[in-house]
Amino acid sequence: MNRTLMIVALAAGLSSVAQAEYSVGSVPPDFTCNTTRPDLHGTSWNLNSYRGKVVMINFGAVWCGPCNSEFPYLQSEYETNYDPAGFELIHIDVDNEPADYLNNHWIGNYGVTFPLLMGCGSLFGAYGTGYIPHTLLLDTEGIVRGNWVGFATGDIPVIQGIIESYMSIDFPSLTINETMISGDANEDGRPDAGETVNLGFSLSNSGIAVDALTTTATLSTTAEGITINNASTTFPAIAPGDTEFNDVDFSFSVAEGVEPFWADFTITVSSTYEGSEEPYVNELHTMIRIDRPELLIVDSDGGADDNENWVTNALVSRDQGYDVWNGDNGEISGDELGRYSRVIWLGGINQNDVSGTEAFGLADFMDNGGELIFSSQYALDNSENTQFFADYFHVGLEQDLGVTAFLLAGADGDPFFSNTNLVITGSGGAANNQHPDRLTVMEGATPFMNWMQGGGAGGVYVDNGTYKAIFMGFPVEASRTHTSYPASMTMSIFLDHADNFFSGNTGVNENPALAEDFHINQAFPNPFNPTTMVSFSTPRSAETSVVVYNTIGQQVAELFSGQLPAGTHELLFDAAKLSSGVYFVQLIADNQARDLIKVSLVK
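Heads up: the sequence shown begins at 3 in our numbering, then just goes up one per residue.
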């Protein structure tokens, strides 16, 4: 499966170019897959065991932009909207990524509670069209009733209509509609370490269910560091299609010293209803973000694209926590920015990036010592904020460049970014470089990235004793490695250099944690399809090559050959032209084999 083709086909609306083996009206065979959360969903998930329920099967991948756009809706419009007694939603990862990686991305970013299935990406060959996201709907007898390629909000009511036409519910069907945190000491709407908070919520009854006459709800969790103080509440009668709030809020406390994480809470509801002596009982799950990480990503262009995922994936690989502010939620306030010690602002493709109100908020954030990485190819076009950028970043717009400007080099002698490159075009990055800027640099700013095409500054940093800030007139999320530029940085490596700037360390290559020997550190992801990043370390300057062999010892690719300085390096291994199987990546330095790792290509 080719990542670029899938995205291009979705964008071009070419969902009809391939046909799934199991079309509408067919009955797919049984299958069993492993789950990423055995504690919630059991070790494995079996299709036929859900006969009698409507089953929604969603195929996708972490790197897929439309998949990330769709995921919040999978949770809000389906998982929380339909009773699990009659409906089951699953997501199947087509890349066979490991559990921790999938949980960190999908649960960490979106708080989803439905099962994520892994290790069964091969099913996509039978169920899918070759493009993702792909969704199928099976009725209570296992018959395919719908097939959707790509994601469009207009499909949601159609899918819901089909779900409800096949669901038969003669009992209440309650779902969590909204949760609300109150009583927290700092009034930020989030339970932080050391706080005791109230949890209020509302329940909705499906329009195709029966009346919930009296309802009790009990709160529980297995999350460490959480103590539940008040675990019980009640609800008035909830008619079909109605929503009601709890009578008395739950209460829980968070222990001191707890690190930020997503806590899974179980709300067990028990409702009486006409025609049954036994109550309707169901366990509902809600994910609540505990405490606040130090880092905030501002996704300024919101749903216009999902290119912020190149940054969030880099943070996941670094095991670094973060929150995300989506631009679709409106302008971000200075108070919200001030809850974090570091902010990464991604302008993306937002042509109206940074309002006047947001400029005031950013100014306040920096005046209070906040650390800021600001990346935008359109912000300087807004004349309303010319003075703000001049005062705080000491830059102006010299020239609006086009897509032909995509190569930058670290400024000679810069203690943090010298001997580096940024390549902001092509696959392996966000590929959203449209109108990058050549900057006018004023006193107080230090250029650290210069354009290789036409010269001039593309990025500066400011360190004035009050705040430290990085400004880039281009989308940094588009950065990728390129074999012609061995010092080209991925997002992860760029963030390493940025960390050095904020901490005062004088460059990645001077890090005492460098390997003592030539070493391949990792391939990420692994298994992969069709690209993976190979990270390796060289303790000194050496003539280096990185080659790929198949299982019978034939060289099938050369990722790099040339002189490399001491340091940590990353290369893109694009296996689009290779067949599925096991391959070996070997590091050779000064004509000696130094290290070898195994990678698995799964198509």
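Each residue gets a CB set at the ideal place from its N, CA and C atoms; glycine is no exception.
Fair warning: this is a prediction, and the values are worked out from it, not measured in the lab.
Neighbour-count burial assignment, K605, 16 or more Cβ in a 10 Å radius: Position 603 of the sequence shown, counted from the first residue, corresponds to residue 605. K605 is buried by the Cβ-count criterion.
Can you tell me the Cα-Cα spacing of G54 and G144, whole angstroms? In the sequence shown, the residue the question calls residue 54 occupies position 52. In the sequence shown, the residue the question calls residue 144 occupies position 142. G54 and G144: Cα-Cα distance of roughly 8 Å.
Does F418 come out as helix, strand or coil in the three-state DSSP assignment? As a working mapping, residue 418 is identified with position 416 in the sequence shown. Coil at F418, not helix or strand.
Short of 6 Å in beta carbon distance, which residues of its chain neighbour N200, apart from the five on each side in sequence? Order them along the chain. Along the sequence shown, one-based indexing puts residue 200 at 198. Excluding residues within five positions, the ones whose Cβ falls inside 6 Å are S184, G185, D251 and S253.
Under 8 Å between the Cβ atoms of A577 and P532? Mapped onto the sequence shown, residue 577 falls at position 575. Mapped onto the sequence shown, residue 532 falls at position 530. In contact: A577 and P532 (Cβ atoms closer than 8 Å).
Enumerate in chain order the residues of its own chain whose CB-to-CB distance from G110 is below 8 Å, with the five nearest sequence positions on each side excluded. Start at 1 with the first residue of the sequence shown, and residue 110 comes out as number 108. If we look at G110 and ignore the five residues flanking it on each side, its Cβ neighbours are W264 and V318.
CA-to-CA distance, E246 to L399, given in whole angstroms: Working through the sequence shown from its first residue, we reach residue 399 at position 397. Working through the sequence shown from its first residue, we reach residue 246 at position 244. Their Cα atoms are separated by approximately 53 Å.
By how many angstroms is the C-alpha of V114 removed from the C-alpha of N466? Within the sequence shown, numbered from 1, the residue matching residue 466 stands at position 464. Within the sequence shown, numbered from 1, the residue matching residue 114 stands at position 112. If you take the alpha carbons of N466 and V114, they lie about 42 Å apart.
Close beta carbons around D355, own chain, < 6 Å, minus the five adjacent residues each side: Translated into the one-based positions of the sequence shown, residue 355 becomes position 353. Within the same chain, D355 has close Cβ partners S302, G349, S378, Y380 and A381.
Which one of G555, F562, Q557 and P529 has the shortest CA to CA distance from A544? The residue given as residue 544 occupies position 542 in the sequence shown. Looking at the Cα atoms, F562 is the closest of the given residues.
In chain order, which beta strand (DSSP E) runs of at least 3 residues are fully inside the stretch 301-377? 325-328, 344-348 and 373-377
With which residues is P238 paired in a DSSP beta bridge? Sequence index remark: in the sequence shown, residue 238 carries index 236 (1-based). According to DSSP, which records beta bridges pairwise, P238 is partnered with nothing at all.
Say yes only if the C-beta of I230 is nearer than 7 Å to one or more non-hydrogen atoms of the ligand NAP, and no if none qualify. Among the ligands in the structure shown, none appear at all, so the ligand NAP cannot be discussed.
With a CB to CB cut of under 8 Å and the five nearest residues on each side skipped, what residues in its chain are close to Y342? In the sequence shown, counting from the first residue as 1, residue 342 sits at position 340. Only R294, P295, E296, L297, L298, D325 and G372 meet the Cβ criterion.
I'd like to know if the stretch 170-182 and the stretch 208-219 are in contact, where contact means that at least 3 CB-CB pairs between them fall below 8 Å. yes
Which residue's Cα is closest to the Cα of E166: T216, D194, M58 and N106? Here residue 166 corresponds to residue number 164 of the sequence shown, with the count starting at 1. Looking at the Cα atoms, M58 is the closest of the given residues.
Secondary structure of T483, DSSP reduced to three states: Here residue 483 refers to the residue found at position 481 of the sequence shown. Coil.
Threshold first: 3 residues or longer. Then list the beta strand (DSSP E) segments lying entirely within the stretch 217-282, N to C. 217-223, 228-232, 234-237, 245-247, 252-256 and 263-273
Suppose the cutoff is 6 Å on Cβ atoms and the five residues either side in sequence are ignored; what does the same chain contact list for I61 look like? Along the sequence shown, read from residue 1 onward, the residue named residue 61 stands at position 59. One point to set straight first is that residue 61 is Phe, not Ile, in the sequence displayed. Result list for F61: I94, V96, F126, G130, I134 and H136, in chain order.
Supposed close pair N36, P529 - CB separation, criterion 8 Å: Within the sequence shown, numbered from 1, the residue matching residue 36 stands at position 34. Within the sequence shown, numbered from 1, the residue matching residue 529 stands at position 527. Not confirmed; about 14 Å, so no contact.
Environment of G156 [buried if 16+ CB atoms lie within 10 Å]: Start at 1 with the first residue of the sequence shown, and residue 156 comes out as number 154. The residue is exposed, with fewer than 16 neighbouring Cβ atoms inside 10 Å.
Could you give the DSSP three-state label for L16: helix, strand or coil? On the sequence shown, position 14 is the one that residue 16 refers to. Annotation note: pLDDT 32 at L16 (below 50); position unreliable, coordinate value reported separately. In the structure shown, L16 sits in coil (DSSP, three-state: anything other than H, G, I, E or B).
Should M2 go down as buried or exposed, given a rule of 16 or more other Cβ atoms within 10 Å for buried? Outside the shown range of the chain (3 to 605) lies residue 2, about which nothing can therefore be said.
Please list the segments of the alpha helix (DSSP H) lying wholly inside the stretch 462-507, counting only runs of 4 or more residues, in order along the chain. 493-505
Below 8 Å CB to CB, which residues in the same chain sit around M493 once its five sequence neighbours on both sides are set aside? Along the sequence shown, one-based indexing puts residue 493 at 491. Within the same chain, M493 has close Cβ partners W312, V313, N315, A316, G431, V478, E479 and S481.
Only counting the same chain, and skipping five residues up and downstream in sequence, which positions put a Cβ closer than 6 Å to that of H437? Within the sequence shown, the letter at position 435 stands for residue 437. Excluding sequence neighbours, H437 sits near Q379 and D402.
Enclosing alpha helix (DSSP H) for C69 [first to last residue]: Counted from its first residue, the sequence shown places residue 69 at position 67. First-last of the alpha helix (DSSP H) with C69: G67 to Y75.
Considering Cα atoms alone, identify which of G277, E279, R291 and T235 is closest to I228. Here residue 228 is taken as the residue at index 226 of the sequence shown, counted from 1. It is R291 whose Cα lies nearest to the Cα of I228.
Per the DSSP calculation, I203 is bridged to which residue(s)? Start at 1 with the first residue of the sequence shown, and residue 203 comes out as number 201. The residue asked about is misnamed: residue 203 is Phe in this sequence, not Ile. Beta-bridge pairing links F203 to T181.
Any 3 or more C-beta pairs closer than 8 Å across the stretch 578-589 and the stretch 543-560: yes
Identify every run of the alpha helix (DSSP H) within the stretch 42-111, keeping only runs that are complete inside it and at least 4 residues long; order them along the chain. 67-75 and 101-104
Which whole-angstrom value is the C-beta distance of E360 and E333, which I expect to be below 8 Å? The count along the sequence shown starts at 1 and reaches residue 360 at position 358. The count along the sequence shown starts at 1 and reaches residue 333 at position 331. About 5 Å; that satisfies the 8 Å criterion.
Helix, strand or coil: how does DSSP classify Y585 here? The residue given as residue 585 occupies position 583 in the sequence shown. Y585: strand per DSSP, three-state reduction.
Three-state class that DSSP yields for A459 in the structure shown: Start at 1 with the first residue of the sequence shown, and residue 459 comes out as number 457. If DSSP states are grouped into helix, strand and coil, A459 belongs with the strands.
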